[in-house]
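These notes are about the structure you will find just below.
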Amino acid sequence: MRIETKSTTPYEDQKPGTSGLRKKVRIFQQPNYAENFIQSVFDAVEGKAGALLVLGGDGRYHNRAVIQQAIRMAAANGFGKVMVGRGGILSTPAASNLIRYYGALGGLILSASHNPGGPDEDFGIKYNVANGGPAPEKVTDAIYARTRTITRWLTVDTPDVDLDRLGTGAVGGMTVEIVDPVADYAALMERLFDFDAIRAMAVGGFTMAFDAMSAVTGPYAHEIFEKRLGFAPGTVRNGTPLEDFGGHHPDPNLVHARALYDLMMGPDAPDFGAASDGDGDRNLIIGRGRFVTPSDSLAMLAANAHLAKGYAGGLKGIARSMPTSAAADRVAAALGIPCYETPTGWKFFGNLLDAGMATICGEESAGTGSDHVREKDGVWAVLLWLNILAARRISVDALARDHWARFGRNYYARHDYEGVEAAKADALMAELTAALPTLPDTRFGALAVAAADSFSYTDPVDGSISANQGLRVLFEGGSRVVFRLSGTGTQGATLRVYLERYEPAGGKLGEETPAMLADLVAAADAIAGIARHTGRMTPDVVT
Ligand code: G1P
Ligand code: ZN
């Protein structure tokens with residue numbers, strides 16, 4: 202094998218956070234660009250000699266090119282084996298499973314999640330470590346530091362690997378195995394869930410629409426829902442991964458998965474509707490005539506998870522991100538288990554899952570998962586819902602009403618103000634931060650402020666502190682508004698305002714959400730001066 206050393210210049214770029222490097226395709230296509238990042242990863246991680254690396258992506262434009270680059274570079278950097286999903290395809294949770302199951306050193310996942318794909322759209326690379334989760338900050342910091350000093354990258358001079366043929370070959374001195382991207386993941390799902398019960402429900406006439414959004418979950422959904430569980434052909438919509446996701450945003454929310462929402466609210470709605478995002482880690486759940494907020498979904502799954510065989514022993518704890526509604530807290534209290542409130546971002550769940558302190562976790566942004574992998578998992582959430590519905594033999598709507606009757610209801614919405622001038626968004630946050638101490642005991646209509654703070658998290662496992670994670674205004678009775686700036690937006694600043702109204706059991710449980718949140722919307726503007734600072738009268742996106 203001939204190892205080639207290519208000289209390069211360091212680049213200083215957007216600091217790769219835990220989600221790795223995310224940029225326009227054209228930037229990734231520049232000579233040395235992707236190679237610089239991959240070599241920086243390989244330089245930063247220890248134990249490569251003879252180790253296994255998992256490699257795959259969501260199938261978006263440029264996926265195959267970077268997979269070929271990464272295979273050659275892994276060979277030149279001394280890896281013993283690379284395991285690649287056929288066609289370069291691996292959903293993010295499936296990649297996490299492969300890393301864990303086969304004891305890999307880590308994995309490179311190529312995705313820009315729910316962002317659009319295509320020659321003029323987004324691409325991304327992230328590195329996951331041996332527990333299957335995104336690299337922790339000390340690793341991403343080391344990768345970033347390396348991108349600023351790197352002078353060469355290593356590769357081998359070999360032809361492209363045939364990514365579409367299953368089996369084992371060699372590149373340089375390294376083994377390359379092309380694996381079925383679905384098989385091990387589907388086997389894991391069969392261990393966690395009662396496929397016989399779900400199949401009986403499907404055969405008995407229960408219907409579903411799953412929108413794969415022309416993204417990575419298509420092959421997983423066809424195999425699991427249609428082939429193994431017996432849902433009718435056609436249950437999976439947009440089930441072929443396309444390089445540009447058919448020109449859509451593969452983001453399963455009420456804006457981009459509108460067609461599914463309209464179907465589920467209309468006269469021809471199947472019993473159950475769901476969707477997942479570009480790389481398969483997010484989920485959207487809608488019953489016939491009943492949208493389930495991600496926060497409610499987390500609470501409802503936690504309350505019923507013991508009905509699935511993988512969770513029959515009960516949950517050790519629940520974790521939710523701070524802006525996620527407190528619905529899960531009430532379930533945890535009823536179960537007598539802890540509920541952890543973490544900053545936004547999946548990485549904060551990793552320590553709790555590794556330490557066995559939490560079993561199930563979720564975010565308001567449509568991410569739900571458990572300790573079965575170290576990523577959120579869209580298809581998993583759908584299967585847990587199906588397992589619960591099969592065990593309880595009720596509809597989504599009936600389950601939701603039953604849940605609220607027991608725990609009360611957290612009406613919830615997130616208002617996003619996108620592309621706000623950064624200086625204006627910063628001024629809003631600074632002014633509100635300064636005003637927080639003056640808020641307790643003030644009133645906004647019927648709402649009385651009980652407490653207000655800037656959220657800070659001390660990790661119970663490693664003691665690390667993450668401060669400034671969002672501004673919380675808590676009202677008496679359990680309602681609240683939260684303000685934070687997005688960490689993932691690409692243009693200007695995105696202000697997120699999270700609105701939550703709690704109605705206790707016996708209260709108004711069957712109302713429409715906008716009406717129930719109207720006074721909180723007004724209070725949020727009065728408290729933060731959203732219109733005054735941004736000039737915006739209404740949010741760009743409501744989810
Ligand atoms: C958003 C979501 C957050 C999620 C992240 C990555 O981050 O709000 O829950 O973990 O994307 O998918 P944000 O843009 O709010 O920082
Ligand atoms: Zn995603």
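Residue numbers (the working numbering): 202 to 744.
C-beta atoms are modelled at their ideal positions from N, C-alpha and C, and glycine is treated no differently.
Next item on the list: Return the chain-ordered list of same chain residues with a C-beta closer than 7 Å to the C-beta of Ser596, the five sequence neighbours on each side being excluded.
Entry: Asp472, Gly488 and Arg489
Next item on the list: Give the DSSP-derived three-state secondary structure of Asp323 in the structure shown.
Entry: strand
Check: Just the Cα atoms here: how many angstroms apart are Gly711 and Arg491?
Finding: 11 Å
Note to self: Less than 6 Å between C-beta atoms, sequence neighbours within five positions excluded: which residues of the same chain meet that for Gly688?
What the structure shows: none
Check: Can you tell me whether DSSP reads Glu247 as helix, strand or coil?
Finding: coil
Check: Quick one: Cα of Ile300 to Cα of Gly334, how far?
Finding: 9 Å
Notebook entry, point to check: Which one of His263, Tyr234, Gly546 and Gly563 has the shortest CA to CA distance from Gly518?
Noted result: Gly563
Item checked: Residue environment, Leu364, which counts as buried when at least 16 other CB atoms sit within 10 Å -> buried
Next item on the list: Would you identify the three-state DSSP class for Val493, choosing helix, strand or coil?
Entry: strand
Margin query: If I follow the unbroken alpha helix (DSSP H) through Met558, where does it start and stop?
Written below: That residue, Met558, is in no alpha helix (DSSP H); it is neither H nor E in DSSP.
Note to self: Tell me whether the segment 230-240 and the segment 348-362 touch, counting them as touching only if at least three CB pairs, one residue from each stretch, are closer than 8 Å.
What the structure shows: yes
Check: Which stretch, first to last residue, makes up the beta strand (DSSP E) that contains Met284?
Finding: Lys282 to Ile290
Next item on the list: Work out the CA separation of Leu499 and Arg531 for me, nearest whole Å.
Entry: 11 Å
Margin query: Quick check: what's the CA-CA separation for Ala534 versus Ala520?
Written below: 13 Å
Notebook entry, point to check: If you pair each beta-carbon of the segment 300-309 with each one of the segment 543-558, do three or more pairs fall below 8 Å?
Noted result: no
Next item on the list: Enumerate in chain order the residues of its own chain whose CB-to-CB distance from Thr146 is below 6 Å, with the five nearest sequence positions on each side excluded.
Entry: Look at the range of the chain in this structure, 202 to 744, and you will see that residue 146 is not part of it.
Check: DSSP on His616, reduced to helix/strand/coil?
Finding: strand
Next item on the list: Sort Leu253, Thr695, Gly325 and Ala506 by Cα distance to Asn588 and report the nearest one.
Entry: Ala506
Note to self: For Trp311, which residues in the same chain have their Cβ closer than 6 Å to its Cβ, ignoring the five residues on either side in sequence?
What the structure shows: Here the sequence assigns Leu to residue 311, which means Trp is not the residue at that position. For Leu311, where only same-chain residues beyond five positions count, the Cβ hits under 6 Å are Gly258, Asn264, Val267 and Ile326.
Next item on the list: Go ahead and pull the three-state DSSP assignment for Glu236.
Entry: helix
Checklist line | Chain-order list of residues whose beta-carbon lies under 6 Å from that of Ala336 (same chain, five-residue window excluded) | finding: Tyr328 and Val330
Notebook entry, point to check: So is Met738 buried or exposed if we call it buried at 16+ other beta carbons inside 10 Å?
Noted result: exposed
Next item on the list: Just the C-alpha distance for Arg673 and Asp654, rounded to the nearest angstrom, thanks.
Entry: 5 Å
Next item on the list: Could you spell out the range, first to last residue, of the alpha helix (DSSP H) harbouring Gly745?
Entry: The structure shown does not extend to residue 745, since the chain spans only 202 to 744, so no value can be given for it.
Item checked: heavy atom of the ligand ZN below 7 Å from His315 C-beta -> yes
Note to self: Could you check whether the Cβ of Ala624 sits closer than 8 Å to any Cβ belonging to chain D?
What the structure shows: Among the chains of the structure shown, chain D does not appear; only one protein chain is present.
Note to self: Looking at Arg685: is its Cβ nearer than 8 Å to the Cβ of Glu701?
What the structure shows: no
Next item on the list: Measure the alpha-carbon distance for Asp248 versus Arg273 and round it to whole angstroms.
Entry: For the sequence presented, residue 248 should be read as Gly rather than Asp. Rounded to the nearest angstrom, the two C-alpha atoms are 18 Å apart.
Check: What number of angstroms, rounded off, separates the C-alpha of Ser665 from the C-alpha of Leu600?
Finding: 39 Å
Next item on the list: Just tell me which of Ala567, Pro539 and Glu565 has its CA closest to the CA of Leu554.
Entry: Pro539
Note to self: If you measure from each CB to the nearest heavy atom of the ligand G1P and keep those under 5 Å, what residues do you get, in chain order?
What the structure shows: Thr545, Gly546, Glu564, Ser566, Ser687, Gly688 and Thr689
Margin query: Tell me whether Arg483, by its Cβ, gets closer than 7 Å to a heavy atom of the ligand ZN.
Written below: yes
Next item on the list: Enumerate in chain order the residues of its own chain whose CB-to-CB distance from Ala724 is below 6 Å, with the five nearest sequence positions on each side excluded.
Entry: Phe645 and Leu648
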